[in-house]
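> Going down the list, the protein sequences come from chains A and B. Using the working numbering, you'd call the opening residue of the first sequence number -7 and step up by one each time. Using the working numbering, you'd call the opening residue of the second sequence number 27 and step up by one each time. Quick one: this structure, given as structure tokens, is what I'll be asking you about.
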Amino acid sequence: MEKRPSTLLPRRSVLGGLAALPFLIPGRVSAASYAPLSFDDLYGKISVLGLEFSDKAKALSGKPVAMRGFMAPPLKAEAQFFVLTEIPMSICPFCSTDSDWPDNIVVVYLDSRQTFTQPNETIEVRGMLEVGSWTDPETGFLSRLRIRQADYEAV
Amino acid sequence: MRKLIAALVVSTVLAGAAQAANIYPLDRATILTGSPFDFKVEFSSVVKPEDVKVTVNGQDYKSALGKEAQFVAEEKNKDKVLGSAVILRGVTIANAGDYKVEVTAGSETKSATWNVYGTAAAPKAKNIIFLLGDGLSVAHRTGARIMSKGMTEGKANGRLNMDDLDHMAFIGTSSTEAIATDSANTMSAYMTGHKSAVNALGVYGDRTPDAFDDPKVETIAEALRRQTKKSIGIVSGSELQDATPAALAAHTRKRAEKAEIVGMLFDVKPDVLLGGGSAYFLPKETAGSKRKDDKDYIKIFKDAGYTLATDKNELAQAAGSNTGKILGLFHPANMDATLDRDFLKKGTVDKFPNQPGLVDMTKVALDNLGKNPEGFFLMVEGASIDKMSHPLDWERALFETIEFDKVVGVAREFQKAHPDTLIVVTGDHTHGVSIIGTIDDDKPGTEMREKVGTYAEAGFPNYEDKNGDGYPDRVDVSRRLAIFANNGPDHYETFRPKLDGPFVPAIQNEKKEYVANEEYKNVPGAVFVQGNIPKSGDTGVHAVDDEVLQAAGPGAEGFHGYMEQSDVYKVLADTFALGVKQTN
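The structure is reproduced here in structure tokens:
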């Protein structure tokens, strides 16, 4: 895993959640502690009658993860979250009346505001994985997987 | 002439001076006798109820329509007052004829004339098989014929099944608000006899933001339930809540209300319901659900006596089980296209490897529905002709067309054994696509546009179908069809079939503009193509061009010349004599 630019650190708000992890350097999350997680890793069973989270996703719940994907254009510029997708979005479910999100999206809540990337650019998101249904109180957007206290960079 | 123009200008100005109300159904609406519809008048200002006067053929509306209307003092969009309205739901008119509706309130005045039509007393056919190639355009037919059958010295080496249907009409597909159109209002016009607005299903699009309060019209499934004991089948490769299958049952201004549309499909209980879109049947707690409530429509359908099938094997079992109603859900979203499903194994085929094709689904539907001595109405949609034409993936769209034509063949076989069956084959709208020649890899040079053969240089493609399955054995032959769209977003033209999965021509940037997908930038010979539609457009758009409709069997003689999409319903209703109660 490549070195992260120091401007993205420190991640003070992450500390509370991570304090229990023994290998943490105080004030920093070491790059090595972010478990790599891919879109293929998210679901163990995929069927017409529903998806089941994989053991890996369940085991990493509440833990720091690093995921690569593409940033879907945000709902609005000041939104607190964006949607991470496996492939660049060719449709806009926020704006089109008959478009749907893919079923394997991850919603990313940023620790602090960052500029949005170009859509053709692969990004790596790092933050705390949260597994289970949750509705964003501000937008009503229902998600099943989230990365919170996150930041990202282009790779 | 000059005087005439002057007079026209004056009358236009005068008409503009009086504030105009809207009447639904619109002027020139055609309405089946006895078919329920909602009557609504929208005034452009707030009016007093005592000032409202509504007459039908010169008489007070209450005697003509049989009910008293509800007066709405102020319709609103958020805080903005839109004006007063009069709404009368579930009206029926028993007798055929022209009905002139006149409305006045203060300075507002409007009139509309509806044509109420009856049908023959006796049905012409027992069954109707309505085959709808979504987005099916002339180029799809031509391309499917050349790809599937080949061509020698300018003559096709074989005919498509759809080539032998003996009645034809050109269909105008425009919506009530624009010359352009989408799959919601177009299929809704076929399935209700009323044209509507883009995104609307089974309703006229009114001005209020509520997607469920618009003036309703009756769908064919509802008319069949009201007047007959026929069975109903809906088969599609798309999500079953998608616009085309939904149009048989749904009433909403917004086709995107897919979770609600599942409930509307359940309300008419199609005897056979096969397709994708399971995500909208699952309660929200189930991962993969796209519902926002706890309704479990898998359970609700099962409790109502449906046998559930989730793949090809279960569909075969359900077909043999003789239990009656079948719900087949083979994908959480849209099913994969034929080229991916049966040949390249791309798209989501790795996750859902055992999806049935449209031919399998149609056969099961016909076996099941054909058991009803009262007959049936079956709608089969070749959905991905459109879904692959939008992203300019023409090879996939042509494979879909070949598959759709095989479904026409299955229907024609059924018709041979059951001649009291009307078959209609059409699309809901066209795409801006044409075949202009061939692309020949063996032409000299590296620049791909120099390998495009036009006029005599086009020659003939070298697709082969040695195994006789109707599909070319290879799609990436060295001399293939040159198919281009006349519109689209910025994209890279690769001049080749997309073997790694469906084409994604453009992706969205943070300004919500669509930019060329750079995944195709480095394909050898790829060239950048500047888009010619607004940058908000993600893919190629529907064309306004007429649609071709073909038909065979009893009732087919009703299709000829130019017809509005809404006129097609009239032929269907007449073929089944839906103006007459047939429940013995």
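The beta-carbon is built from N, C-alpha and C at its ideal position, and this holds for glycine as well. Quick caveat: nothing in here was measured; it's all calculated off a predicted structure.
1. Which first and last residues belong to the alpha helix (DSSP H) in which B:Tyr385 is found?
2. Should B:Phe403 and B:Val501 be called a contact, given that it needs their Cβ atoms to be closer than 9 angstroms?
3. Could you check the C-alpha separation between B:Tyr489 and B:Gly479 for me, to the nearest Å?
4. Show which residues of chain B have a CB atom less than 7 angstroms away from the CB atom of A:Ile38.
5. Please confirm if B:Glu203 has its CB atom under 9 angstroms from at least one CB of chain E.
6. So, does the CB of B:Asp337 fall closer than 9 angstroms to a CB anywhere in chain A?
7. What did DSSP end up calling B:Ala423 once you bin it into helix, strand or coil?
8. Less than 9 angstroms between the C-beta atoms of B:Val635 and B:Val67, yes or no?
9. Should A:Thr114 be flagged as near chain B, meaning a C-beta pair shorter than 9 angstroms?
10. Measure from the alpha carbon of B:Gly303 to the alpha carbon of each residue in B:Glu248, B:Gln381 and B:Pro445, then state which is nearest.
11. Starting from B:Lys284, trace the beta strand (DSSP E) both ways and give me its first and last residue.
12. If you draw a straight line from the alpha carbon of A:Gln72 to that of A:Lys37, how long is it in whole angstroms?
13. Assign B:Ala170 to one of three DSSP states: helix, strand, or coil.
14. Please list the terminal residues of the continuous alpha helix (DSSP H) segment that includes B:Gly259.
15. Please decide whether A:Ala148 counts as near chain B, where near means a Cβ-Cβ distance under 9 angstroms.
16. Can you list, in chain order, the residues of its chain whose CB lies under 6 angstroms from that of B:Asn512, leaving out five sequence neighbours each side?
17. Opposite B:Asn339 in the DSSP bridges: which residues?
18. What's the gap between the Cα of B:Thr254 and the Cα of B:Tyr588?
19. When the cut-off is 9 angstroms and only beta carbons count, does B:His357 lie next to chain A?
20. Is it right to say B:Leu525 is buried, meaning 16 or more other beta carbons lie within 10 angstroms of its own, or is it exposed?
21. From the DSSP output, read off the bridge partner residues of B:Asp86.
22. Quick one: list the residues of chain B neighbouring A:Phe133, beta-carbon separation under 9 angstroms, in chain order.
23. Return the chain-ordered list of same chain residues with a C-beta closer than 7 angstroms to the C-beta of B:Ala276, the five sequence neighbours on each side being excluded.
24. Is there a C-beta anywhere in chain A that falls below 9 angstroms from the one on B:Asn535?
25. Name, please, each residue of chain B whose Cβ falls closer than 7 angstroms to the Cβ of A:Pro65.
26. In its own chain, which residues sit with a C-beta less than 6 angstroms from the C-beta of B:Val107, not counting the 5 before and 5 after it?
27. How many whole angstroms separate the CB atoms of B:Val451 and B:Phe196, which I take to be in contact at a CB cut-off of 8 angstroms?
28. Please work out which residues of its chain come closer than 6 angstroms, Cβ to Cβ, to B:Lys338, disregarding the five sequence neighbours upstream and downstream, and give them in chain order.
29. Does DSSP classify B:Leu91 as helix, strand or coil?
30. Alpha carbons only, please: which of B:Leu157, B:Leu58, B:Ala46 and B:Lys136 is nearest the one belonging to B:Ile411?
31. What does the alpha-carbon distance come out to for the pair A:Pro65 and B:Gln534?
32. Is the shortest distance between the beta-carbon of A:Leu43 and the beta-carbons of chain B less than 9 angstroms?
33. In whole angstroms, what separates the C-alpha of B:Phe238 from that of B:Thr135?
34. Any idea what DSSP makes of B:Met177, helix, strand or coil?
35. Mapping the DSSP letters down to three states, classify B:Asn211 as helix, strand or coil.
36. Quick check: the Cα distance between B:Lys150 and B:Gly563, rounded to an integer number of angstroms?
On the basis of the data shown:
1. Here the question's residue 385 of chain B lines up with position 359 in the second sequence. Residue 385 of chain B is actually Val in this sequence, not Tyr. Its alpha helix (DSSP H) spans residues Leu384 to Leu395.
2. Numbered from 1 along the second sequence, position 377 holds the residue referred to as residue 403 of chain B. Numbered from 1 along the second sequence, position 475 holds the residue referred to as residue 501 of chain B. Not in contact: B:Phe403 and B:Val501 (Cβ atoms no closer than 9 angstroms).
3. Locating residue 489 of chain B in the second sequence gives position 463, counting from the first residue. Locating residue 479 of chain B in the second sequence gives position 453, counting from the first residue. Each residue's alpha carbon lies about 16 angstroms from the other.
4. The residue you call residue 38 of chain A lines up with position 46 of the first sequence. Result: Lys377.
5. You won't find chain E in this structure, because its protein chains are A and B.
6. As a working note, residue 337 of chain B is residue 311 in the second sequence. Taking Cβ atoms only, chain A reaches closer than 9 angstroms to B:Asp337, which makes this a yes.
7. Numbered from its first residue, the second sequence carries residue 423 of chain B at position 397. B:Ala423 falls in the helix class under three-state DSSP.
8. Past the edges of chain B, shown from 27 to 610, lies residue 635 of chain B, and the structure says nothing about it.
9. Translated into positions along the first sequence, residue 114 of chain A becomes position 122. No, A:Thr114 does not count as interfacial toward chain B.
10. In the second sequence, counting from the first residue as 1, residue 303 of chain B sits at position 277. For B:Gly303, the nearest C-alpha among the options comes from B:Gln381.
11. One-based indexing of the second sequence puts residue 284 of chain B at position 258. Note, B:Lys284: premise wrong, no beta strand (DSSP E); alpha helix (DSSP H) at Lys284 to Val294.
12. Position 80 of the first sequence, counted from the start, is the residue given in the question as residue 72 of chain A. Position 45 of the first sequence, counted from the start, is the residue given in the question as residue 37 of chain A. Their backbone Cα atoms lie some 30 angstroms apart in a straight line.
13. Within the second sequence, residue 170 of chain B is the residue found at index 144, counting from 1. DSSP places B:Ala170 in helix when its eight states are reduced to three.
14. As a working note, residue 259 of chain B is residue 233 in the second sequence. That residue, B:Gly259, is in no alpha helix (DSSP H); its beta strand (DSSP E) goes Ser257 to Glu265.
15. Past the boundaries of the shown model lies residue 148 of chain A; chain A is included only from -7 to 147, so the question cannot be answered.
16. In the second sequence, counting from the first residue as 1, residue 512 of chain B sits at position 486. Around B:Asn512: Gly458.
17. By one-based count along the second sequence, residue 339 of chain B stands at place 313. DSSP lists no beta-bridge partner residue for B:Asn339.
18. As a working mapping, residue 254 of chain B is identified with position 228 in the second sequence. As a working mapping, residue 588 of chain B is identified with position 562 in the second sequence. Roughly 30 angstroms between the two C-alpha positions.
19. Counting from 1 along the second sequence, the entry for residue 357 of chain B is found at position 331. Judged by the 9 angstroms Cβ criterion, B:His357 is in contact with chain A.
20. Along the second sequence, read from residue 1 onward, the residue named residue 525 of chain B stands at position 499. Residue environment: B:Leu525 is assigned as exposed (fewer than 16 neighbouring CB atoms within 10 Å of its CB, all protein chains considered).
21. Counted from its first residue, the second sequence places residue 86 of chain B at position 60. DSSP lists B:Thr81 as partners of B:Asp86.
22. One-based indexing of the first sequence puts residue 133 of chain A at position 141. Near A:Phe133 there are no residues of chain B at all, since even the closest Cβ is about 10 angstroms away, more than 9 angstroms.
23. Taking the first residue of the second sequence as 1, we reach residue 276 of chain B at position 250. For B:Ala276, where only same-chain residues beyond five positions count, the Cβ hits under 7 angstroms are Leu227, Gly228, Ile287 and Met290.
24. Here residue 535 of chain B refers to the residue found at position 509 when the second sequence is read from its first residue. The Cβ of B:Asn535 sits closer than 9 angstroms to at least one Cβ of chain A.
25. Residue 65 of chain A sits at position 73 when you count from the first residue of the first sequence. The contacting residues are Gln534, Asn535, Glu536 and Lys538.
26. To locate residue 107 of chain B, count along the second sequence from 1; it is residue 81. Cβ within range, chain order: Glu100.
27. Here residue 451 of chain B refers to the residue found at position 425 when the second sequence is read from its first residue. Here residue 196 of chain B refers to the residue found at position 170 when the second sequence is read from its first residue. Not a contact, Cβ separation roughly 14 angstroms.
28. Translated into positions along the second sequence, residue 338 of chain B becomes position 312. Closer than 6 angstroms at the Cβ level, and outside the excluded window around B:Lys338, lie Asn380 and Pro382.
29. Counting from one through the second sequence, the residue named residue 91 of chain B turns up at place 65. Helix at B:Leu91.
30. The count along the second sequence starts at 1 and reaches residue 411 of chain B at position 385. Among B:Leu157, B:Leu58, B:Ala46 and B:Lys136, the Cα nearest to that of B:Ile411 is on B:Leu157.
31. Walking along the first sequence from the start, residue 65 of chain A turns up at place 73. Walking along the second sequence from the start, residue 534 of chain B turns up at place 508. For A:Pro65 and B:Gln534, the distance between alpha carbons rounds to 7 angstroms.
32. Indexing the first sequence from 1 puts residue 43 of chain A at position 51. It does: the Cβ of A:Leu43 has a partner Cβ on chain B nearer than 9 angstroms.
33. Sequence index remark: in the second sequence, residue 238 of chain B carries index 212 (1-based). Sequence index remark: in the second sequence, residue 135 of chain B carries index 109 (1-based). When rounded, the distance between both Cα atoms is 27 angstroms.
34. Your numbering for residue 177 of chain B matches position 151 in the second sequence. Strand.
35. One-based indexing of the second sequence puts residue 211 of chain B at position 185. Here B:Asn211 sits in helix by DSSP.
36. As a working mapping, residue 150 of chain B is identified with position 124 in the second sequence. As a working mapping, residue 563 of chain B is identified with position 537 in the second sequence. Going from the Cα of B:Lys150 to the Cα of B:Gly563 covers about 45 angstroms.
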